[in-house]
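Numbering (the working numbering), first residue to last: 74 to 458. Yeah, the Cβ is synthetic: ideal placement off N, Cα and C, and Gly gets one too. A quick note: this is a predicted structure, and the numbers were derived from the prediction, not measured.
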């Protein structure tokens, strides 16, 4: 059956109508007359709450894929193929990477193999630190014999810098303020990821909580653990906390070697423990998993792939908003300053093109695993977006 292309200006409601027409063999939907122009992200001082008006595809997750009709799957496969023609690529976060990742089957195969390494954590409590590991964890979540769940903790930026082979804490102006720390500790308690909860889970299950993130220098994880160890010390459970965690890092040695090409010897990326946890470093196991450069470039350091996954949550905004209500992508400091003056209850700063990017990449991964027989039959846990 031939499927007519749908105009990029279609609203989501008209898209749903078009879907019904496709299912009933109607192949020439009317063009939309909606010409409302949304300002670009660069034209506003406060993040825009983008509606669905210019999305060209619906939201796609595991559950919607499992109930998706074959005509709709064919339509979305064509949308993936025609990504650069149908999506307004000028709205993507990184203009130098105007492509949809993993369109080559050989790249998708390697990506799925990397994600399957998380499957061995199936029975372990997992803490996903920030946006970077989300595509990998979600793919394992969708996979046969993959993980059953994980906990997401929003965390962005760092306050350590590399000095030789060591990490050194930066000055106070780069670190969270007491007010910001208080707000972040409240956030951790609300999502049950504060040090006390981690200790309780470890004692109950007999398993260390797996903290997973992209690791190059380890500055981000070191900053997170610096804060967590401070909270644990305040609560009188520092030693228990140190015995309750382990590190699972992902990254690319080829990239690290290029990044530090002047160094005579490049060691495997590891997390340096902050001062409070340094005495317990031997009690905190670490493992690192490498990936090919082309997968790393598509799925980890590609701003388009990274930014469409969750809120940007540096310490400057901890007192301003909760990440589960703010799907922000990257915010400029000018926008953050504007948020301090007037903060709506909820907000998303993703352009329609970035939403399409996320949904098409979700579809591409799910569709590939369905084709290869790797997609699980049912999923009881939450879909983490």
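May I ask you to report which of helix, strand or coil DSSP gives residue 368?
By 1-based counting over the chain shown, the position of residue 368 is 295. The three-state secondary structure of residue 368, taken from DSSP, is helix.
Let me check one thing: in DSSP terms, what residues is residue 438 bridge-paired to?
Start at 1 with the first residue of the chain shown, and residue 438 comes out as number 365. In DSSP, residue 438 forms no bridge with anything.
Between residue 310 and residue 453, what straight-line distance do the alpha-carbon atoms span, to the nearest angstrom?
For the purposes of this step, residue 310 is identified with residue 237 of the chain shown, where counting begins at 1. For the purposes of this step, residue 453 is identified with residue 380 of the chain shown, where counting begins at 1. For residue 310 and residue 453, the distance between alpha carbons rounds to 33 angstroms.
CB-CB under 6 angstroms to residue 253, same chain, minus the five flanking residues each way: which ones, in chain order?
In the chain shown, the residue the question calls residue 253 occupies position 180. Counting only Cβ-Cβ distances below 6 angstroms, and skipping sequence neighbours, we find 388, 391 and 392.
Other residues of its chain near residue 215: CB distance less than 8 angstroms, five sequence neighbours each side excluded:
As a position in the chain shown, residue 215 is number 142, starting the count at 1. Excluding sequence positions up to five before and after residue 215, its CB lies within less than 8 angstroms of the CB of 135, 438, 439, 442, 448, 449 and 452, all in the same chain and listed in chain order.
In the DSSP assignment, what residue or residues form a beta bridge with residue 236?
Within the chain shown, residue 236 is the residue found at index 163, counting from 1. Under the DSSP definition of a beta bridge, residue 236 partners with 239.
Quick check: what's the CA-CA separation for residue 241 versus residue 381?
The count along the chain shown starts at 1 and reaches residue 241 at position 168. The count along the chain shown starts at 1 and reaches residue 381 at position 308. Rounded to the nearest angstrom, the two C-alpha atoms are 31 angstroms apart.
What number of angstroms, rounded off, separates the C-alpha of residue 132 from the C-alpha of residue 435?
The residue labelled residue 132 in the question sits at position 59 within the chain shown. The residue labelled residue 435 in the question sits at position 362 within the chain shown. Each residue's Cα considered, the two are about 9 angstroms apart.
Rounded C-alpha distance that separates residue 292 from residue 374
Counting from 1 along the chain shown, the entry for residue 292 is found at position 219. Counting from 1 along the chain shown, the entry for residue 374 is found at position 301. Going from the Cα of residue 292 to the Cα of residue 374 covers about 16 angstroms.
How would you label residue 428, buried or exposed, when you count the other beta carbons within 10 angstroms and need 16 or more for buried?
In the chain shown, counting from the first residue as 1, residue 428 sits at position 355. Residue 428 counts as buried, since no fewer than 16 other beta carbons sit within 10 angstroms of its beta carbon.
Measure the Cβ-Cβ separation of residue 302 and residue 272 and say whether it is below 8 angstroms.
Position 229 of the chain shown, counted from the first residue, corresponds to residue 302. Position 199 of the chain shown, counted from the first residue, corresponds to residue 272. Not a contact, by the Cβ cut-off of 8 angstroms.
Which complete alpha helix (DSSP H) runs does the stretch 203 to 288 hold, if anything under 4 residues is left out?
Segments of the alpha helix (DSSP H) lying fully in the stretch 203 to 288: 207 to 215, 251 to 263 and 268 to 278.
Taking only the alpha-carbon atoms, compute the straight-line gap between residue 296 and residue 306 and give it to the nearest angstrom.
Reading the chain shown from its first residue, position 223 is the one you call residue 296. Reading the chain shown from its first residue, position 233 is the one you call residue 306. Residue 296 and residue 306: Cα-Cα distance of roughly 15 angstroms.
With a threshold of 16 other CB atoms inside 10 Å of the CB of residue 413, please say whether the residue is buried or exposed.
Looking up residue 413 in the chain shown gives position 340. With fewer than 16 Cβ atoms within 10 Å of its Cβ, residue 413 is classed as exposed.
Sorted by chain position, which residues of the same chain lie with C-beta nearer than 8 angstroms to residue 457's C-beta, five sequence neighbours on each side aside?
Taking the first residue of the chain shown as 1, we reach residue 457 at position 384. Same-chain partners within the cutoff: 201, 207, 210, 211, 214, 223 and 225.
Extent of the continuous alpha helix (DSSP H) run through residue 540:
Any answer about residue 540 is impossible in this case: the structure gives the chain only from 74 up to 458.
Report the three-state DSSP secondary structure of residue 398 (helix, strand or coil).
Counting from 1 along the chain shown, the entry for residue 398 is found at position 325. DSSP places residue 398 in coil when its eight states are reduced to three.
Quick one: is residue 351 buried, meaning 16 or more other Cβ sit within 10 Å of its Cβ, or exposed?
Start at 1 with the first residue of the chain shown, and residue 351 comes out as number 278. Residue 351 counts as exposed, since fewer than 16 other C-beta atoms from the protein chains shown sit within 10 angstroms of its C-beta.
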